[in-house]
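Numbering (this note's numbering), first residue to last: 1379 to 1516.
Have a look at this one:
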């Protein structure tokens, strides 16, 4: 198994990634039932050339810096790098959403009444909770 070459000093915190994900949805819109909107199907505040995203898709963009239609990639890739910003942020946000709303991120994100503002606010709230529980903002 290859060594983990991720430099923790250069890796964004979970809170940083959550805030970037909130900014992504704020700028490009909120998607349901898929990581990213495809073709011309975009919802809410769409702009530019990047597609709207669900919460997990936005976390993916925040972590990878690009649209990945399958953000999980291969499980081997993720588990080889246990500090992968995408996977650790999604797992942390999953715990936050489950505790706050009693649902998985996907089920919560895709709920018919869920709005972009709901997702943006929850991503930012989760970032604040993370910072408070880890000694303040980095």
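By construction, the Cβ of each residue, glycine as well, lies at the ideal position given by its N, Cα and C atoms.
Following the DSSP letters along the chain, one finds residue 1485 inside the alpha helix (DSSP H) bounded by residues 1483 to 1487. DSSP places residue 1408 in the strand class (E or B) of the three-state scheme. In this structure, DSSP gives residue 1430 a state outside helix and strand, which the three-state scheme calls coil. Out of 1502, 1504, 1414 and 1390, the CA that lies nearest to the CA of residue 1447 is found in 1414. Within the model, the alpha-carbon separation for residue 1397 versus residue 1438 is close to 12 Å.
For residue 1493, there is no enclosing alpha helix (DSSP H), as DSSP marks it with neither H nor E. Inter-residue distance for residue 1486 and residue 1479 is about 8 Å (C-alpha atoms, whole angstroms).
In terms of Cα proximity to residue 1433, the closest of 1511, 1469 and 1507 is 1469.
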